[in-house]
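Just so you know, the sequences run in chain order A, B, C and D.
According to my numbering, the first sequence is numbered sequentially starting from 126.
According to my numbering, the second sequence is numbered sequentially starting from 6.
According to my numbering, the third sequence is numbered sequentially starting from 10.
According to my numbering, the fourth sequence is numbered sequentially starting from 4.
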Amino acid sequence: MDFGLLLQQTINALTIGAIYALIALGYTMVYGIIELINFAHGDVFMTGSFVTMWLLTTLGFQGTIKDPLTLAGVLALAFLVAMTVMGAVGVIIERFAYRPLRNAPRLAPLITAIGVSFILQNIVQSIWGPSPVSVPQIIDVQASFRVGGTPIRFLSIFIIVLAIALMVALQLFVGRTRLGRAMRSTAIDREAAQLMGVDINTTIALTFFIGSALAGAAGVVQGLYLGNTVFTAGFQAGLKAFTAAVLGGIGNTTGAALGGFVIGFIEVGSTYLGYTRWSEAVVFTILILVLVFRPTGLLGQQLAERA
Amino acid sequence: MSGASTPARPLVLRTIGLTKQFGGLVAVRDVDFEIPEGAIVSLIGPNGAGKTTMFNVIAGLSDPTSGLVEFLGQRMIARPERSWLEPVVWVVPAVVVWALSYAAWLAGLPLVLGQLLVLVGLGVLIATLITAVVRPPWYGLLLVRFGIFKSARPNEMVLAGIGRTFQNIRLFANMTALENVLVGMHGQLRANGLDAALRTARHNREEVQGRSEARRWLAYVGLRGREDELARNLPYGDQRRLEIARALASRPRLLLLDEPTAGMNPSETSTMTALFGKIRSELNLTILLIEHDMRVVMGVSDRVTVLDHGEKIAEGSPDEVRRDPRVIEAYLGKGSVA
Amino acid sequence: MRLLKLGAVATTAALVFTACSSSPTPAPSGGGGGGGGSVQEVKIGVDLPLSGGELPNGGPTLNGVKLAVQQISVPGYHVTVEAEDDAVNGVHDPTQGSKNISTLVNDPAVFAVVGPFNSNVAQAEIPVSNAAGLIQCSPANTNPGLTKGADGAALRKTNPTKIAYVRVATTDDIQGQAGADIAYNVVGAKTAYVVDDTETYGKGLADVFDSSFKALGGTIVAHDGAGKNVTDYTSLLTAAAAKNPQYVYFGGVTSTGGGLLRKQMVAQGMGNIPFGGGDGISDGSAATASSFLNLAGPQGDLNTYSTVAAIHDIPNPDAFKAAYKAAFSTDPGSYSASAYACTQIFLDALKAVGSNREAVRAFVTTTAHKYDTVLGSISFDANGDTSQHIISYYKFDPTTKDWAFFKQKDFGTAG
Amino acid sequence: MIGKASPPAANPLRRTLRAIRDLASRLPQRHQSLTVIVGMAFVTAILPLVVLAPPLNGFGRQNDWLDGFANAGVFVLLAMGLNVVVGLAGLLDLGYAAFFAIGAYTYAYGASPFSGLDVPFWPMLLVGAAVAMVFGLLLGAPTLRLRGDYLAIVTLGFGEIVPVVFLNADTYTRGTNGISGVYQPVLPIVGNFGFGNPMPYYLTMAAIIAVAMILLYRLQDSRLGRAWMAIREDELAAASMGINTVTTKLLAFAIGASTSGLGGVFYASKLSVVSPDQFGFVISFTVLAMVVLGGMGNIWGVAVGAFVIYELQSQGLKQLNSFFGGLGLPPFHLGPLTVDLTSINFLEYQFLLYGLALVGMMLLRPEGLFPSRRRRAELRDEADAGAANEELVQA
């Protein structure tokens with residue numbers, strides 16, 4: 126077995142897995158708190174990549190930024206803008222498409238979610254056109270270092286580290302802060318949390334903000350990594366990320382992150398074995414098998430009630 | 006302490022060493038418990054004593070960690086072991102057939118044979134899957150053989166003769182009272198989808214008879230004339246009654262009532278208590294009652310079992326239990342003991 | 010900016026639409042006609058995907074038809090364009106296509122149809138137009154199965170001898186051979202890696218490349234498929250790089266990942282491996298937004314080849330481009346010229362035999378007729394395929410940042 | 004019910020009206036199948052005439068409309084099938100298109116030059132439904148134990164797997180090219196099933212829908228239908244009433260799948276081509292939207308919802324250009340914006356409009372356009388006539 130190739134593919138899997146994981150977090154957080162499959166989430170991610178593209182081209186960047194300081198500044202700006210804008214978009218979507226339906230039949234918000242997804246796609250398509258567009262890759266995509274003769278790209282390492290940092294930050298936020306506690310308590314029992322003085326609307330809006338901001342971050346990352354985006358990119362990425370969230374145990378943030386990486390490995394693994402054409406089928410087959418054997422996902426809680 | 010009441014009467018239900026753990030928390034610990042036929046037995050205890058957990062295990066809603074439940078002398082529940090193996094059992098026969106088809110291909114046998122075997126394998130897979138879903142008794146035996154036994158499902162408990170109500174009413178809110186009772190009669194009726202689609206004689210007969218029987222059940226609990234109201238539009242007390250009618254419609258031998266008078270005013274409570282007596286005497290039913298209201302418990306029960314922190318601390322007639330020092334201690338400070 | 014631009018196009022569209030709004034009584038034509046009382050209103054039907062993600066395919070193609078109708082006038086006729094959208098929910102939909110062609114068949118003013126764009130829509134439409142005897146010309150279909158062999162025969166079951174579907178694009182089987190010819194003979198590669206986009210066009214092309222390259226004596230190190238949903242080719246390329254291919258061939262179009270694949274090759278340090286594709290990636294210079302060269306990016310030495318199933322030496326290659334740009338203020342799309350050519354052929358027929366459907370159909374499919382089009386001289390063979398089998402070879406030119414023609418080769422009549 | 008709102012009507016006219024209304028609400032309950040047949044016959048007869056009247060005749064000829072109606076019928080069938088799964092049993096199925104694909108491919112195998120077989124259309128309808136049902140069972144049996152949204156993702160995954168298999172198993176499915184030249188039905192009475200002659204398809208579809216509707220209504224009003232609804236309302240309580248929830252859900256799944264298979268067979272026979280890209284998530288989602296917008300659980304509501312959405316997608320949104328062009332409204336001002344409706348290419352904003360329509364309809368009527376009104380008194384036997392009177396007195 127070629128160790129170098131294996132190492133490279135592992136890095137590839139971790140990189141794409143990190144992107145899935147970032148998107149999956151949004152799915153799982155929203156699901157955890159209002160039990161809604163937010164089908165518009167994939168398109169929030171897509172819009173984030175377009176916002177990045179718009180920002181970088183407006184600032185006049187075409188390609189690699191050599192000066193490390195400028196690079197750091199532009200990167201920070203890109204993440205800040207994409208995450209804030211997408212966070213705000215998430216809050217707006219929640220306010221107008223989901224909140225009025227909070228007590229409606231369960232499937233009603235699912236339909237509006239898909240409606241919102243169409244709306245986002247069409248808006249992006251009207252502004253930036255229906256064809257794929259280039260995103261300036263401000264980090265040198267070829268820069269790499271060698272591990273035992275195998276080139277490892279800095280960009281990949283950057284993405285993996287960044288994603289993990291964001292996930293850790295999220296865990297700390299949810300676990301250690303007052304707002305995080307409010308989120309957790311709302312997720313467990315909305316009415317009880319309300320009685321305890323938690324502002325439900327703010328908490329849910331906050332959840333959407335964070336989830337969408339993470340999707341925005343994933344959008345930036347995707348732009349840097351692939352240098353390309355298209356207005357239909359949200360659907361498939363969203364589907365995979367949602368699968369990741371379920372695979373990990375929906376509602377569980379650690380599970381979502383784990384699920385993202387697992388899907389990255391499944392995809393890259395099927396390519397490694399020469400079954401790229403089947404990778405989608407493999408992902409979903411493994412998902413079905415996992416759920417048959419572990420009905421609540423990899424890290425999902427066992428349910429008290431059984432029917 | 007044990008065998009305090011008349012041993013002549015056969016047991017309807019018996020639990021042996023029943024234990025249920027949630028993570029590190031032991032909700033029920035090693036409880037032996039018996040219900041003789043025709044009795045009204047109450048299960049009491051302070052909040053968090055494990056009453057509802059016990060109830061859910063008996064009703065088949067959750068698997069015990071260890072111990073077993075016998076209903077009418079039949080073993081209903083065993084500890085689930087290696088239940089994740091069950092899906093493996095479904096797939097193995099089909100995989101064996103497919104392996105045969107591959108072997109046939111390798112051996113150079115005619116292609117048609119291999120293809121036929123592939124189809125047979127598919128058929129086997131479908132058959133095993135359907136078997137797993139329908140769960141005929143021999144499938145259960147097979148699971149025991151492989152050490153993959155899973156406990157009885159709630160519906161199997163019902164078919165065996167255990168009916169129940171819920172602590173927080175769980176009616177089918179968007180169905181009418183009559184339909185709720187008809188659902189309760191599910192196990193009594195036999196018409197399947199094909200009967201319904203073709204409107205066979207069986208379907209028509211059962212619908213007519215079922216409806217009139219359902220009406221009688223509603224009338225029995227005092228809901229005459231409310232047949233076509235949506236369950237969610239009924240007043241609270243009537244919803245409780247409807248739940249009982251629905252449970253009775255399954256013609257149980259043992260009726261489990263989970264706090265049936267919770268949230269009722271005294272006059273409603275006394276009507277309800279009267280109903281229990283009527284059910285027992287007229288329908289010859291055994292009743293297991295979880296109740297907070299001590300007046301109800303002491304007034305209606307033949308036997309009382311007291312749980313505290315998941316353990317059985319006392320058992321006997323209401324008077325015996327009332328005087329038991331451990332019971333007084335468990336309830337101390339609450340002033341609940343009348 | 011873009012909205013404004015769209016407005017301009019849309020105004021043209023709206024004019025056309027207004028003029029041809031199908032009212033029972035012939036509407037007094039507003040702008041066109043101009044000749045007097047004897048002008049007959051006729052329509053060229055168009056069926057293309059015109060909404061959602063497929064608009065970049067259908068939109069510029071429709072513009073090609075409009076441009077032709079604007080520029081070429083046929084005495085005695087006022088020709089308008091009746092456009093139907095076969096995309097539902099943003100995806101080309103054979104059901105909608107079948108319905109659209111029925112609609113066009115039912116409209117007596119329609120004497121010919123340009124379209125469709127996608128092969129599976131064509132599969133649903135060909136039987137309908139064949140039964141109705143309404144001539145249809147696809148600017149983009151290249152799948153051999155639509156016309157040739159038993160598959161083609163099955164599609165025209167109702168009137169087996171009356172061809173009602175022609176196409177101006179050379180089929181994949183020929184272009185795939187050309188791609189292999191470039192890889193093996195021009196570049197001199199002995200090993201190649203093939204990726205297709207799993208769609209009819211891309212996979213068909215890649216499969217022919219695969220077999221032709223092997224026939225020439227080369228080795229295919231791997232042949233992978235990655236659908237249009239795949240955006241990350243990194244792992245694919247990592248695996249391929251380990252097998253040291255001397256050439257990479259992409260079967261597909263820019264929007265299904267052509268540019269992305271090349272760009273990621275560069276990122277992976279595979280930029281110096283020659284890369285080739287069919288006319289699906291030959292879609293304008295690097296200055297054209299969303300073209301292959303634009304998306305593939307400026308890095309690497311872009312040793313990149315493409316083929317176009319048409320003669321390069323046409324009389325005035327830039328005139329069409331300029332006229333298109335003047336009318337729609339964008340560069341033409343990959344199939345704008347093909348759609349223009351289809352329309353030219355129909356207008357020729359209209360001029361020659363009038364607007365009777367059967368007459369037009371018979372005229373167009375007569376194998377002896379030659380048409381002078383923007384794509385060069387075209388005639389159709391007995392199956393309705395273009396009998397022109399010349400493939401033009403292009404290579405990326407780093408100075409002009411555009412495709413540069415370097416050779417054309419006639420693959421004869423051997424299908 | 005009515006008596007409560009208004010005092011006993013003295014006015015004879017009012018009484019007559021009430022009697023008519025009463026009859027109208029009772030007839031469907033007493034003679035359901037007959038009502039469905041009469042209703043479908045009426046709709047089938049009236050639709051071809053309606054489209055001849057303005058303004059509909061401006062958008063297309065009768066044949067165009069009928070062709071579209073026959074296509075819409077496929078979706079009506081799909082929506083009615085999915086309604087069993089989602090509306091009655093309360094299971095979220097996001098991969099419903101997979102069974103549609105399986106039905107369509109089954110027909111393509113049974114009647115096309117590709118396989119060399121030429122099985123007549125009518126038996127193939129049953130075969131397609133049966134094959135789809137088998138796959139429904141195969142998927143459902145191991146997965147129906149899953150709770151709500153886990154089931155949703157499993158079905159979604161299945162919906163993604165099936166087209167991938169049809170795409171990549173090209174030896175058996177001709178891969179991306181699909182199977183073309185699928186034979187069309189033959190039936191002497193209805194007429195010649197040819198291209199450009201939509202009437203036979205239209206009539207056949209109406210008949211299939213009528214039969215499916217009768218069967219589904221019958222299932223809904225039965226022990227099985229009540230069990231489905233009980234599971235939807237409260238799965239745990241349903242299990243505690245002796246309902247084998249897994250088997251019952253599996254039946255819902257199987258019936259939904261077979262209805263979808265029926266639709267697939269018809270679709271393949273009408274279109275004469277099947278290929279993997281016709282059966283993506285978009286179809287699954289569209290059918291789900293039809294069910295939810297029509298009014299989950301209400302069979303005729305779902306059917307109407309499906310019809311409306313399909314016509315909106317394939318006709319309405321595509322006609323906006325000629326509609327506004329034809330109106331010839333002068334440009335008007337919206338604040339600083341000048342809006343010229345004739346210059347907007349609505350085709351380009353189809354998605355936006357569709358999305359807005361979905362969101363808007365849901366916000367206004369989250370329970371759907373025709374929410375299932377809970378059925379009132381049903382077939383009563385004579386023995387219970389007394390109780391019925393008593394109920395009326397009380398109400």
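All residues carry an ideal CB built from backbone N, CA and C; glycine is no exception.
If you look at Gln184 (chain C), you'll find it isn't in any beta strand (DSSP E); it sits in the alpha helix (DSSP H) that goes 181 to 190.
In the DSSP assignment, Arg169 (chain B) falls within the beta strand (DSSP E) that extends over 167 to 169. Using beta-carbon distances, Ser322 (chain B) does not count as an interface residue toward chain D, since no partner is under 9 Å. Near chain C, meaning a CB-to-CB distance below 7 Å, the residues of the stretch 57 to 84 of chain D are Gly61, Gly63, Arg64, Asn66, Asp67, Asp70, Gly71, Asn74. Per the coordinates, the alpha-carbon of Leu129 (chain D) lies some 7 Å from the alpha-carbon of Leu265 (chain D). Secondary structure of Asn179 (chain B) (DSSP, three-state): coil. DSSP lists C:Ser147, C:Asp394 as the bridge partner or partners of Arg176 (chain C). With respect to the C-alpha of Gly119 (chain D), the residue from D:Gln316, D:Ile182, D:Leu52, D:Ser287 having the closest C-alpha is D:Ile182. Residue contact with chain D for Val214 (chain A): absent (no Cβ-Cβ distance below 9 Å to any residue of chain D). Going by beta carbons, Leu280 (chain B) and Arg246 (chain B) fall inside the 9 Å limit.
Residue-level contact check: Val266 (chain A) touches chain C, since one or more beta carbons of chain C fall below 9 Å from its beta carbon. Chain A places a beta carbon closer than 9 Å to that of Pro145 (chain D), counting this residue as a contact. For the stretch 267 to 288 of chain C, the beta-carbon criterion of a distance under 9 Å to any beta-carbon of chain A is satisfied by Gly268, Leu269, Lys272, Gln273, Val275, Ala276, Gln277, Gly278, Gly280. Here Gly304 (chain D) is not near Tyr110 (chain D), since their CB atoms are 9 Å or more apart.
Partner residues in the beta bridge of Glu316 (chain B), as assigned by DSSP, are B:Asp313.
Among the residues facing chain B, Arg229 (chain D) is included, as its CB has a counterpart in that chain under 9 Å away. Contact with chain C is absent for Val408 (chain A), since none of that chain's Cβ atoms lies less than 9 Å from the residue's Cβ.
Closer than 9 Å to the CB of Glu370 (chain D) there is not a single CB belonging to chain B. Non-local beta-carbon contacts of Tyr202 (chain C) in its own chain, meaning distances under 6 Å to residues more than five positions away in sequence, involve Val230, Ala231, Ala249, Pro254, Val257 in chain order. Residue contact with chain C for Pro188 (chain D): absent (no Cβ-Cβ distance below 9 Å to any residue of chain C). Within the stretch 208 to 222 of chain C, contact with chain A at the beta-carbon level (separation under 9 Å) is assigned to no residue.
Residue-level contact by beta carbon fails for Met59 (chain B) and chain D, as no gap is shorter than 9 Å. For Ala109 (chain B), the CB contacts under 8 Å within the same chain, skipping 5 residues up- and downstream, are Leu118, Gly119, Leu122 in chain order. The stretch 100 to 110 of chain C makes no contact with the stretch 363 to 379 of chain C: fewer than 3 CB pairs, one atom from each, lie closer than 8 Å.
Across the set A:Met171, A:Gly305, A:Phe204, the C-alpha of A:Phe204 shows the shortest separation from the C-alpha of Leu181 (chain A).
Against Gly306 (chain C), the close residues of chain A are Ser259, Gly352, in the order they occur along the chain (beta-carbon pairs closer than 7 Å). A check of alpha carbon separations from Gly273 (chain A) across A:Gly422, A:Leu132, A:Glu316 identifies A:Leu132 as the nearest. Rounded to whole angstroms, the separation of the alpha carbons of Ile399 (chain C) and Lys418 (chain C) is 5 Å. Closer than 8 Å at the C-beta level to chain B, one finds these residues of the stretch 251 to 274 of chain D: Leu253, Leu254, Ile258.
Nearest Cα to Val138 (chain B) within the set D:Thr250, D:Leu55, D:Leu372: D:Thr250. The contact set of Ser225 (chain D) on chain B, defined by CB atoms closer than 7 Å, consists of Ala196, Ala201, His208 in chain order. In the structure shown, Ala56 (chain D) falls within a coil segment according to DSSP collapsed to helix, strand and coil.
Among the residues facing chain B, Ile49 (chain D) is not included, as its CB has no counterpart in that chain under 9 Å away. Secondary structure remark: continuous alpha helix (DSSP H) runs of at least 4 residues inside the stretch 305 to 392 of chain C, in chain order: 326 to 337, 345 to 362, 366 to 374.
Each of B:Val97, B:Phe60, B:Arg19, B:Gly43 was checked against the Cα of Leu77 (chain B), and the nearest Cα belongs to B:Arg19. According to the DSSP assignment, Val46 (chain B) belongs to the beta strand (DSSP E) that extends over 45 to 49.
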